[in-house]
């Protein structure tokens, strides 16, 4: 009986020593890219991003309603934080519209 207990203990001890628990570490890594170019709605934009470990690099562009284009290039990291460079290309065109200076909701404004 004592030998059975000793052998059982040795089997459990040997089995525990041979079975090492390994943690699986997942390294984040991805890359995506997309764009929209719709002449009907005039919706033009793009976005691209790449991540490897804790470092992210990306950019996006969008055609603004005023006719200019916004370009944003960014980086992000565990130790550097988020940093972006924003540029606007092209002149902004604003359409001329009607002026409602002096007009109130109830119609008693001067309208001039």
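In mature numbering (1 follows the signal peptide of the UniProt record, and there is no 0), the protein residues as written are -19 to -1, 1 to 93.
Where is the CB? At the ideal position from N, CA and C, for every residue including glycine.
None of the values given here were measured: they were computed from a predicted structure.
Whether residue i touches residue j by CB criterion (8 Å)
i, j, result
"residue 38", "residue 31", "yes"
"residue 47", "residue 65", "no"
"residue 71", "residue 49", "yes"
Candidates the options: closest to residue i by CA position
i, options, result
"residue 14", "36, 26 and 68", "26"
"residue 18", "9, 11, 42 and 12", "42"
"residue 10", "22, 35 and 4", "35"
"residue 54", "69, 22 and 60", "69"
"residue 33", "5, 67 and 59", "59"
Secondary structure of residue i, DSSP reduced to three states
i, result
"residue -17", "helix"
"residue 40", "strand"
"residue 63", "strand"
"residue 71", "coil"
"residue 5", "coil"
"residue 54", "strand"
"residue 45", "coil"
"residue 23", "coil"
Close Cβ partners of residue i (< 6 Å) along its chain, the five nearest in sequence each way excluded
i, result
"residue 57", "37 and 63"
"residue 24", "17"
Beta-carbon proximity list for residue i, same chain, < 7 Å, skipping 5 on both sides
i, result
"residue 75", "47"
"residue 45", "51"
"residue 8", "34"
Beta-carbon contacts of residue i that lie in its chain and below 8 Å, excluding the five residues immediately before and after
i, result
"residue 6", "none"
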